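Numbering-wise, the sequence shown is residues -25 to -1, 1 to 107 according to mature numbering (1 follows the signal peptide of the UniProt record, and there is no 0).
Notes to accompany the following structure.
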Amino acid sequence: MKNIKTLRLVLSLSLIMIFSSVATAQDIMQNSNNPQMEMSAKNRVEKWEKELSLRAKQAILMEKKFVEFDIKREKLLGENLSDEQRLNRLKDLKILETRELRDILTKPQFDRYLLILREEAQATAPPQNNGN
């Protein structure tokens, strides 16, 4: 009799944990509810699929990460911060996004991802005045 009560308790707690984790995971995607944001994430994933030869599962995970970080970025841009604070927080967010993508990509894919990001950053950076 005591074993049955214990079993019911364990089963109930397990079900609660399972459903709460599923709800949490879906919460981020439901909060986006922004077709433009989702389309932007899909477009970025398509670019990276070509550059990194992503597997289907990697593409799905990457798209979810992009949407998640777009939501965080949008929320950050809505906060009342100084330009310097906002820039620092955006940099931190990009670093965190890159770290999380490292878990999705293989080592060679991640190395290529970093290389492409650096090349894009150099191409868009304003020219440096070297004292001439």
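Quick reminder that beta carbons are idealized off the backbone N, C-alpha and C, glycines included.
All values derive from a computational prediction rather than experimental measurement.
### Task
Measure the C-alpha to C-alpha separation of ARG87 and LEU27 and round it to an integer number of angstroms.
Computed Cα separation, rounded: 7 Å.
### Query
Rounded to whole angstroms, how far is the Cβ of LYS40 from the Cβ of GLU13, which I believe are closer than 8 Å?
Not a contact, Cβ separation roughly 13 Å.
#### Entry: Range of the contiguous alpha helix (DSSP H) that encloses GLN103
Membership of GLN103 in any alpha helix (DSSP H) is not indicated, and neither H nor E is assigned to it by DSSP.
### Message
Rounded to whole angstroms, what is the Cα-Cα separation between GLN11 and PRO102?
### Response
Going from the Cα of GLN11 to the Cα of PRO102 covers about 32 Å.
### Query
Rounded C-beta distance between LEU68 and ARG93? I'm assuming under 8 Å.
Rounded, the Cβ-Cβ distance is 18 Å, inconsistent with contact.
#### Entry: Opening and closing residue of the alpha helix (DSSP H) in which ASN63 lies
Counting along the chain, the alpha helix (DSSP H) containing ASN63 begins and ends at 58 to 77.
### Message
Using a Cβ-Cβ cutoff of less than 8 Å, which residues in the same chain neighbour ILE79 once the five nearest sequence positions on both sides are dropped?
### Response
The beta carbon of ILE79 lies closer than 8 Å to those of GLN33, LEU36, MET37 and LYS40 in the same chain, with the five residues before and after it left out.
### Query
What is the residue span of the alpha helix (DSSP H) that LEU80 lies within?
DSSP places LEU80 in no alpha helix (DSSP H); its state is neither H nor E.
### Query
Just reading off the alpha helix (DSSP H) that LEU29 is part of, what are its end residues?
Neither: LEU29 is in no alpha helix (DSSP H) and is coded neither H nor E.
### Query
So, using beta-carbon positions, are LEU65 and LEU76 closer together than 8 Å?
Contact flag unset, no.
### Task
Whole angstroms is fine: what's the gap from LEU21's alpha carbon to PHE85's?
For the sequence presented, residue 21 should be read as Glu rather than Leu. Distance between the alpha carbons of GLU21 and PHE85: 16 Å.
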